[in-house]
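In my numbering, the protein residues as written are 86 to 281.
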Amino acid sequence: MPETRKIQKRECYYDHAGRKRWKTVTYTETVYSAEERAAQRAHLKRFFLSFRFICLPFAAILYLIITIKLHRTAIDDYEQWLASERAYYPVVYVTLAGKAYHTSSHYSARSIPISLFDAIRVGRRPCRVCQPVTATLTPEQRNRRAPEYFGYGAVLVLISLIYYSVAFATFPTDSKDSEQSSKLKKMQNEPKKAQN
């Protein structure tokens, strides 16, 4: 059981006339033994460990939901931009094996209709025979790609945080804790030696 002791301290105050006065105040202080302090620290470690295991999965799920929502918004913006750019350019025809794009006069059963914007972006050049229309794209139009999803890193963050929590609860993080545990072991072994 923790012990209580009374401590008296002198404190100054000012009366109604503004004169400095002194009075003695008695405080009650609780004194804990080394075993009780060690038990309190162990209880706090267990509490923080359980708190982390409960909160970390919810935090990871919330993080994934937010990142998926942001990624979906970015994908929608990119698709709207791509549709507006494609509508601005005429339709040309390409084949899977070829490296050029053609006009409708060179259309065949293997030809695939695409926008001139997409043909230039994938590196197709105009055909020298049919001489289709060409265009010059800006660096942003050439290099802009669909945003990649980056939320899977939350899984690695969750694993690292759980590992840190387990390590924090398993191994002593402070030299004082290891000293206290060694003292407790010595105190527990002393009565056994005395009985022998």
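Each residue gets a CB set at the ideal place from its N, CA and C atoms; glycine is no exception.
- Uninterrupted beta strand (DSSP E) stretches at least 3 residues long and entirely within the region 104–191 occur at 105–116, 176–179, given in chain order.
- For Thr152, the closest of Phe235, Ser245, Val242, Glu121 by C-alpha to C-alpha distance is Phe235.
- Remark: three or more beta-carbon pairs, one from each stretch, lie closer than 8 Å, so the region 209–229 and the region 163–179 are flagged as touching.
- The residues His187, Thr188, Ser190, His191, in chain order, have a CB closer than 6 Å to that of Cys215 in the same chain once the five nearest residues on each side in sequence are set aside.
- Distance check between Leu201 and each of Ala102, Ser193, Tyr178 places Tyr178 closest, using alpha-carbon atoms only.
- In the DSSP annotation of this structure, Pro224 is not part of any beta strand (DSSP E); the continuous alpha helix (DSSP H) holding it starts and ends at 224–228.
- The C-alpha of Lys130 is placed about 53 Å away from the C-alpha of Ala102.
- Per DSSP, reduced to three states, the secondary structure at Ser196 is coil, with no helix or strand assignment.
- Annotation: the continuous alpha helix (DSSP H) that includes Asp203 extends over 201–206.
- Sequence-distant Cβ neighbours of Ile205 in its own chain, meaning closer than 6 Å and more than five residues away, are Leu222.
- In this structure, Glu96 lies near Thr109, with their beta-carbon atoms less than 9 Å apart.
- With fewer than 16 other beta carbons inside 10 angstroms of its own, Pro175 counts as exposed.
- Within the model, the alpha-carbon separation for Lys184 versus Leu155 is close to 36 Å.
- Around the beta carbon of Pro211, a 10 Å sphere encloses 16 or more other beta carbons of the protein chains shown; the residue is thus reported as buried.
- In terms of Cα proximity to Val242, the closest of Asp203, Ala144, Thr158 is Ala144.
- Going by C-alpha positions, Lys91 is about 17 Å away from Ser118.
- Listed in chain order, the non-local C-beta contacts of Ile199 below 8 Å within the same chain comprise Val176, Val177, Tyr178, Val179, Tyr186, local neighbours out to five positions each way being set aside.
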